[in-house]
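Peer 1: Numbering (our numbering), first residue to last: 510 to 729. I'd like to ask you about the structure that follows.
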Amino acid sequence: MEGRKLPIAVFVSGRGTNLQSIIDAIESGKLDAEIKLVVSNRSKAYALKRCEKHGIPYEVIPSKKFKTHQEWGEALIEAVKRSGAELVVLAGFMKIVPPNFIEAFENRIINIHPSLLPAFKGLDAQGQAFDYGVTLTGCTVHLVIPELDSGPVIAQAVVPVLPNDTAETLAKRILEHEHRIYPQVIQWFAEGRVRVDNGKVVVLGAKYGTLPFNPQLERF
Ligand code: GRF
Numbered sequence: 510m511e512g513r514k515l516p517i518a519v520f521v522s523g524r525g526t527n528l529q530s531i532i533d534a535i536e537s538g539k540l541d542a543e544i545k546l547v548v549s550n551r552s553k554a555y556a557l558k559r560c561e562k563h564g565i566p567y568e569v570i571p572s573k574k575f576k577t578h579q580e581w582g583e584a585l586i587e588a589v590k591r592s593g594a595e596l597v598v599l600a601g602f603m604k605i606v607p608p609n610f611i612e613a614f615e616n617r618i619i620n621i622h623p624s625l626l627p628a629f630k631g632l633d634a635q636g637q638a639f640d641y642g643v644t645l646t647g648c649t650v651h652l653v654i655p656e657l658d659s660g661p662v663i664a665q666a667v668v669p670v671l672p673n674d675t676a677e678t679l680a681k682r683i684l685e686h687e688h689r690i691y692p693q694v695i696q697w698f699a700e701g702r703v704r705v706d707n708g709k710v711v712v713l714g715a716k717y718g719t720l721p722f723n724p725q726l727e728r729f
């Protein structure tokens with residue numbers, strides 16, 4: 510449909526540089542989406558300042574306000590439904606999303622993780638990769654399933670580990686690629702090109718295997 514913007518909700522906990530990359534891609538006209546709501550589990554998240562600056566509605570919904578994970582999940586479901594968002598984008602959301610929430614938005618929740626999954630799941634994936642001594646790492650956007658940092662892969666970007674890297678310089682280089690691939694994946698959703706087939710994601714029309722790095726990327 511001409512001019513349609515995909516309504517999305519973005520979940521954050523911290524500094525929100527991925528949120529910013531989505532805002533920038535929307536504002537520059539590259540990404541056909543509209544952020545209907547930002548949800549944070551922390552009232553002090555710097556990401557909320559970014560919302561204020563750009564006039565984006567946000568809600569703080571901390572898990573500790575609820576007796577059970579289930580009730581927290583219900584509050585999250587209610588907030589997203591009320592916002593009209595059709596895709597939930599986890600962008601540095603540092604809490605495990607409740608199973609009832611995942612069920613309510615099956616195949617409509619995506620996450621970005623700073624490693625080439627399934628390697629280096631969990632916290633400080635960049636430090637894990639650095640300490641292990643791999644020569645290539647990167648970032649992954651995937652569909653969210655109840656198991657942490659798992660779920661069908663949608664896009665990955667490969668980032669080399671350089672001889673003089675520290676865990677910090679490596680994390681910074683990976684982040685630049687996160688800021689590129691996350692808006693691209695959301696754009697694929699906006700274009701209705703993401704399909705799940707037998708537990709694997711297929712992106713209709715993506716140019717696989719044409720470049721040494723990041724072969725799927727088109728706009729970003
Ligand atoms: C990113 O490295 C992302 O991959 C991970 O959490 C971090 C969030 O950073 N899931 P930011 O808040 O978007 O700056």
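Even glycine gets a Cβ: it sits at the ideal position worked out from N, Cα and C.
How is Ser530 classed by DSSP in three states: helix, strand or coil?
Peer 2: Translated into the one-based positions of the sequence shown, residue 530 becomes position 21. In the structure shown, Ser530 sits in a helix (DSSP, three-state: H, G or I).
Peer 1: Where do the N-terminal and C-terminal ends of the beta strand (DSSP E) with Tyr567 fall, by residue?
Peer 2: Position 58 of the sequence shown holds residue 567. Element bounds for Tyr567: 567-569.
Peer 1: Reducing DSSP to helix, strand and coil, say where Gly660 ends up.
Peer 2: Translated into positions along the sequence shown, residue 660 becomes position 151. In this structure, Gly660 counts as coil in the three-state DSSP scheme.
Peer 1: Quick one: give me the first and last residue of the beta strand (DSSP E) that Asp706 is part of.
Peer 2: Sequence index remark: in the sequence shown, residue 706 carries index 197 (1-based). Unbroken beta strand (DSSP E) run through Asp706: 703-706.
Peer 1: What is the C-beta distance between Pro623 and Ile683, in whole angstroms, given that I count them as a contact (C-beta under 8 Å)?
Peer 2: Your numbering for residue 623 matches position 114 in the sequence shown. Your numbering for residue 683 matches position 174 in the sequence shown. That pair is a contact at about 5 Å.
Peer 1: Evaluate contact between the stretch 632-651 and the stretch 557-575, counting only Cβ atoms and requiring at least three cross-stretch pairs below 8 Å.
Peer 2: no
Peer 1: For the stretch 562-641, which segments carrying the alpha helix (DSSP H) assignment without a break, of at least 4 residues, lie completely within its bounds, in sequence order?
Peer 2: 578-592, 608-613, 634-641
Peer 1: For a test of your reading of the model: does the CB of Pro566 fall under 7 Å from any non-hydrogen atom of ligand 3? Yes or no.
Peer 2: Absent from the structure shown: ligand 3. Ligands present: ligand 1.
Peer 1: Kindly provide the ranges of any beta strand (DSSP E) runs that are 3 or more residues long and lie completely inside the stretch 665-715, ordered along the chain.
Peer 2: 703-706, 709-712
Peer 1: Indicate, with yes or no, if ligand 1 has a heavy atom lying under 7 Å from the CB of Cys648.
Peer 2: For the purposes of this step, residue 648 is taken as residue 139 along the sequence shown, with counting starting at 1. At least one heavy atom of ligand 1 is nearer than 7 Å to the Cβ of Cys648, so yes.
Peer 1: Would you list, in sequence order, the uninterrupted beta strand (DSSP E) runs of no fewer than 3 residues that lie entirely inside the stretch 536-563?
Peer 2: 542-549
Peer 1: For the stretch 544-561 and the stretch 594-603, state whether three or more C-beta atom pairs, one from each stretch, are separated by less than 8 Å.
Peer 2: yes
Peer 1: Let me check one thing: in DSSP terms, what residues is Leu649 bridge-paired to?
Peer 2: By 1-based counting over the sequence shown, the position of residue 649 is 140. Note that residue 649 is Thr in the sequence shown here, rather than Leu. Per DSSP, His622, Gln665.
Peer 1: Going by C-alpha distance, which of Val662, Ala613, Gln665, Ala680 is nearest Leu632?
Peer 2: If you number the sequence shown from 1, residue 632 lands on position 123. For the residues Val662, Ala613, Gln665, Ala680, the minimum Cα distance to Leu632 belongs to Ala680.
Peer 1: Considering only the beta carbon of each residue, do Pro661 and Gly701 sit closer than 8 Å?
Peer 2: Here residue 661 corresponds to residue number 152 of the sequence shown, with the count starting at 1. Here residue 701 corresponds to residue number 192 of the sequence shown, with the count starting at 1. Going by C-beta atoms, Pro661 is not nearer than 8 Å to Gly701.
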